[in-house]
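Trainee: Sequential numbering from 4 applies to the sequence shown in this note's numbering.
Glycine included, each C-beta is placed from N, C-alpha and C at the ideal position.
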Amino acid sequence: MSDLVSVVITTFNRDEEVIKKAINTVRNQTYKEIEIIIVDDNGEKHPDISKNIEKCISDFKDVVYVKNDKNKGACAARNTGISVAKGQFIAFLDDDDTWEKRKIELQMEKFTEEVGFVYCGMNVIYENTGKEVKWPATEHSDPVISLLKKNYVGNTSCGIVRKCIAEKVNGFDEQLKSGQDQDFWIRLAQVCKFAYVDECLVNYTFLGKGSITKNQRIKLESNLYLYKKYNNIIKSDLGLFILFKMKITKCRLVNFLHR
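(1) Buried or exposed: I215, going by 16 or more other Cβ atoms within 10 Å of its Cβ?
(2) Would you check if the distance between the CB atom of P139 and the CB atom of D97 is smaller than 8 Å?
(3) Relative to the C-alpha of S225, which candidate in F197, H143, D176, V87 has its C-alpha closest?
(4) Grab me the residues of R220's own chain with a C-beta within less than 7 Å of its C-beta, minus the 5 sequence neighbours each way, in chain order.
(5) By DSSP, does Y129 sit in helix, in strand, or in coil?
(6) Helix or strand or just coil, what does DSSP make of K89?
(7) Pick out whichever of T115, W188, H49, D18 has its Cα sitting closest to the Cα of I148.
(8) With three or more beta-carbon pairs closer than 8 Å as the criterion, would you say the region 156-174 touches the region 87-97?
(9) Assign Y129 to buried or exposed, taking buried as 16 or more other Cβ atoms, counted over all protein chains shown, within 10 Å of its Cβ.
(10) List the DSSP bridge partners of G76.
(11) Using DSSP bridges, identify the partner residues of T208.
(12) Is the beta carbon of K222 closer than 8 Å to that of C254?
(13) Determine whether the beta carbon atoms of G90 and E38 lie at a separation below 8 Å.
(14) Please determine, among N235, L227, S239, the residue with the shortest C-alpha to C-alpha distance to M249.
(15) Leaving out five residues before and five after N45 in sequence, what residues of the same chain have Cβ atoms less than 7 Å from its Cβ?
Given below as structure tokens:
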């Protein structure tokens, strides 16, 4: 019997058609030992949307539905999904992403006793132009240092992790406002071996929403937070130390120019 994979789909401020699409991209997987968990994080902010979602997923008898009474943010919602998951493995799907049909199958084939996390490549679709760019997955000899330099794994929808490993690193950091997936990958890389499927199995639409000023402020806060969190590792690598200083300086400059 195949190992059970719990797919955690977190949602906030999305209509029911988006949720249906996300559910169906999981149900259409060639790998069939799957548990689907919807974590509704609309809370007090969008109660009407929650009602529509509840009505929508009542048609799906194989979906576990968890509703937060208050909006807690994506990281807390994912952690809720981890806590209720019954599977030995957990995959995350952002509600507006889709998967190629063999996504889970191909990743599960890469798990061995030593491997705790498997990622894959992405198809990135730019909303404004419709242009599609393939980001195949790549291997790195020192994943912790490489991930601190750049999130080469991709977004949350790219990974499958053993539940015990996700719990070992205490899930997603709920203090971070940006780069939560990158931070999660870094902590996973500190405790387990990675494997990958180089094919692009996730379809991610880049929306480009939000003002430059707001985005840069969030990035600044996150870079400062990560700098403090991984200070010992960053200071041990001169190139990484310089990169972080440049990132922080750039964000501060953009914030200053847009005051």
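Mentor: With the given structure in hand:
(1) Locating residue 215 in the sequence shown gives position 212, where the first residue counts as 1. Note that I215 has pLDDT 44, beneath the 50 cutoff, so the model's placement of it is unreliable and the number below is only indicative. Exposed, by the Cβ-count rule.
(2) For the purposes of this step, residue 139 is identified with residue 136 of the sequence shown, where counting begins at 1. For the purposes of this step, residue 97 is identified with residue 94 of the sequence shown, where counting begins at 1. For P139 and D97, no; Cβs fall outside 8 Å.
(3) Locating residue 225 in the sequence shown gives position 222, where the first residue counts as 1. Per the Cα distances, D176.
(4) One-based indexing of the sequence shown puts residue 220 at position 217. Here the set comprises N258.
(5) Mapped onto the sequence shown, residue 129 falls at position 126. Three-state DSSP puts Y129 in a strand.
(6) Position 86 of the sequence shown, counted from the first residue, corresponds to residue 89. DSSP places K89 in coil when its eight states are reduced to three.
(7) The residue you call residue 148 lines up with position 145 of the sequence shown. Measuring from the Cα of I148, the nearest candidate turns out to be W188.
(8) These segments touch.
(9) On the sequence shown, position 126 is the one that residue 129 refers to. If you draw a 10 Å sphere on the C-beta of Y129, you find fewer than 16 other C-beta atoms in it, and that means exposed.
(10) Here residue 76 corresponds to residue number 73 of the sequence shown, with the count starting at 1. For G76, which the question treats as bridged, DSSP gives no partner whatsoever.
(11) As a position in the sequence shown, residue 208 is number 205, starting the count at 1. BP columns for T208 point to I128.
(12) Position 251 of the sequence shown holds residue 254. Position 219 of the sequence shown holds residue 222. Going by C-beta atoms, C254 is nearer than 8 Å to K222.
(13) Looking up residue 90 in the sequence shown gives position 87. Looking up residue 38 in the sequence shown gives position 35. Their beta carbons are under 8 Å apart, which means G90 touches E38 by this criterion.
(14) The count along the sequence shown starts at 1 and reaches residue 249 at position 246. Ranking the options by Cα distance to M249, first place goes to L227.
(15) Position 42 of the sequence shown holds residue 45. Within the same chain, N45 has close Cβ partners F15, N16, I52, S53, N74.
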